[in-house]
Amino acid sequence: MLAAGLAAPKFISQTSFIGSRNHFDERLPKWLYDGRLPRWIWMWASLDGNHYLSIARDGYYGLEYGFFPLYPILIRFLNSLTGLQFVISGLVISYLSFLGMMVMGWKLLRLDYSADRSKSIFYWFLVFPTAFFLISVYNDSLYLFLALSSWYLARKKRIWGGAAVGYFAALTRITGLALLPALAVEMITSRRKVKELLPLILIPLGTLSYFLYLEVFRGGWRLFLSSMAIWGQERFVFPLQTLWRYLNIIFGFQTLDRAYLVASMELSVVILSILLLIKGWKSVRLSYLVYAIVVLLLPSSSGTLAGMPRYFLHAFPLMLILSSLFKHRWLIISFRLVFFVTQLVLFAYFSQGHFVS
Numbered sequence: 008m009l010a011a012g013l014a015a016p017k018f019i020s021q022t023s024f025i026g027s028r029n030h031f032d033e034r035l036p037k038w039l040y041d042g043r044l045p046r047w048i049w050m051w052a053s054l055d056g057n058h059y060l061s062i063a064r065d066g067y068y069g070l071e072y073g074f075f076p077l078y079p080i081l082i083r084f085l086n087s088l089t090g091l092q093f094v095i096s097g098l099v100i101s102y103l104s105f106l107g108m109m110v111m112g113w114k115l116l117r118l119d120y121s122a123d124r125s126k127s128i129f130y131w132f133l134v135f136p137t138a139f140f141l142i143s144v145y146n147d148s149l150y151l152f153l154a155l156s157s158w159y160l161a162r163k164k165r166i167w168g169g170a171a172v173g174y175f176a177a178l179t180r181i182t183g184l185a186l187l188p189a190l191a192v193e194m195i196t197s198r199r200k201v202k203e204l205l206p207l208i209l210i211p212l213g214t215l216s217y218f219l220y221l222e223v224f225r226g227g228w229r230l231f232l233s234s235m236a237i238w239g240q241e242r243f244v245f246p247l248q249t250l251w252r253y254l255n256i257i258f259g260f261q262t263l264d265r266a267y268l269v270a271s272m273e274l275s276v277v278i279l280s281i282l283l284l285i286k287g288w289k290s291v292r293l294s295y296l297v298y299a300i301v302v303l304l305l306p307s308s309s310g311t312l313a314g315m316p317r318y319f320l321h322a323f324p325l326m327l328i329l330s331s332l333f334k335h336r337w338l339i340i341s342f343r344l345v346f347f348v349t350q351l352v353l354f355a356y357f358s359q360g361h362f363v364s
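Counted from 1, the sequence shown has number 344 at position 337 by this note's numbering; the numbering is strictly sequential.
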């Protein structure tokens, strides 16, 4: 991965969205880029990484209200505690979250699967084309650590703990809201009493806490929607309309450029997700299916599929189904190799500031 990022400048043009640049204004905060730091460090903070670092340093500004607060809060805390530069603090938070995600993911998998099957699922997860975001200055690994922890605690019947962790998951990404219906289904199918579902109300309070902050201190919760307008995600759109729009883009293209290829990848991941849900609906827990469906519906209801290749990782039950598709060793090795090579290519573009998911 590191080699792909370092070799990228020889083949791929650099954009203004590369790590260390804030592309929504002209401030160009120099604290984001220290010439003493080598490229192999700050290239992990491209695109959204800019904004998480900016929020950690200066608070919310301009059109950054679409980024949920827990990850930059943790970056700010670690910077204040240790004096590490913000980009280093962000990477440390991501690495620790990644390790926590691996531990909790393993514990959760072992509730249902053998050690060999659990290892296979992990291998598919790590070679998936967008897995590099888990160790970048992005909040995906933090979200997955919290979501998997919430699932594990709920499965072990520690529902108050699971709901409390779910609160922080919903304070990290809006997809954390998918934990509410999914864990409710898990408890109902486990024959728990209705009154025992009460702790789950903590989960949406995570997102509502952020909206309350915007309402009280920033002038209104609608700042979240207005900031999402830059990605065309400020309104509700029926998911089938979003799919139809992307089909028109794919079949009505005029130039085979990078934007077209990214849109094709986004649509392909959605189609893959739908096929996996159809294929595996009998092989995974009903609550897992509910969770995966809601995770996919939340972003696709905004009128765009941007980021869906990353959200595939959030919808971890899809990986359980994917890992069961291939029985022959040569097919498993071939597809994993294709996935990993694709990941290297996507990271090379990402490291140069190009949007890939």
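Ideal Cβ placement from N, Cα and C applies to all residues, glycine included.
- Only residues of its own chain outside the window of five on either side were considered, and among them A189, V192, E193 have a CB closer than 6 Å to the CB of S294, listed in chain order.
- About 7 Å separates the Cβ atoms of L54 and G360, confirming a contact at the 8 Å cut-off.
- I48 is positioned such that its CB atom lies closer than 8 Å to that of V94.
- By the criterion of a C-beta distance shorter than 6 Å, L44 is surrounded by no residue of its chain, once the five residues flanking it on both sides are discounted.
- Take Y217, set aside five residues on each side of it, and the residues of its chain with a beta-carbon closer than 7 Å to its own are F75, P76, L178, in chain order.
- Nearest C-alpha to V302 among L91, L205, Y318: Y318.
- Taking 8 Å as the cut-off, the Cβ atoms of L325 and S280 count as close.
- Put simply, the region 163-178 touches the region 197-206. At least three CB pairs are less than 8 Å apart.
- Runs of the beta strand (DSSP E) lying entirely within the region 261-331 and spanning at least 3 residues: none are present.
- For a cut-off of 8 Å, the C-beta gap from I128 to S101 is around 21 Å, too long to register as a contact.
- Here D123 is exposed. Its C-beta has fewer than 16 other C-beta atoms within 10 Å.
- When Cβ pairs closer than 8 Å are counted between the two stretches, the region 78-95 is seen not to touch the region 155-163, the count staying below three.
- No residue range can be given for Y68, since it is assigned to no alpha helix (DSSP H) and is classified by DSSP as neither H nor E.
- DSSP places T249 in the uninterrupted alpha helix (DSSP H) bounded by 246-258.
- Under the three-state reduction of DSSP, Y217 is assigned to helix.
- Within the region 121-186, no run of beta strand (DSSP E) reaches 3 residues while sitting entirely inside it.
- In the DSSP assignment, F93 falls within the unbroken alpha helix (DSSP H) covering 93-116.
- Cβ-Cβ separation between F323 and V134: approximately 15 Å, too far for a contact (criterion under 8 Å).
- Cβ contact annotation for L184 (same chain, cutoff 8 Å, sequence separation greater than five): A177, I210, P211, T214, V301, L305, in chain order.
- A Cβ-Cβ contact shorter than 8 Å links V172 with L153.
- The continuous alpha helix (DSSP H) containing R46 extends over residues 46-49.
- Assigned with DSSP and collapsed to three states, D55 falls in helix.
- Straight across, the Cα-Cα distance linking L254 with T89 is about 49 Å.
- In the displayed model, V363 falls within coil according to three-state DSSP, outside both helix and strand.
- In the same chain as I328, and ignoring 5 residues on each side of it, the C-beta atoms closer than 7 Å to its own belong to L283, K286, G287, S290, V291, in chain order.
- Distance from the CA atom of D119 to the CA atom of I80, rounded to whole angstroms, is 35 Å.
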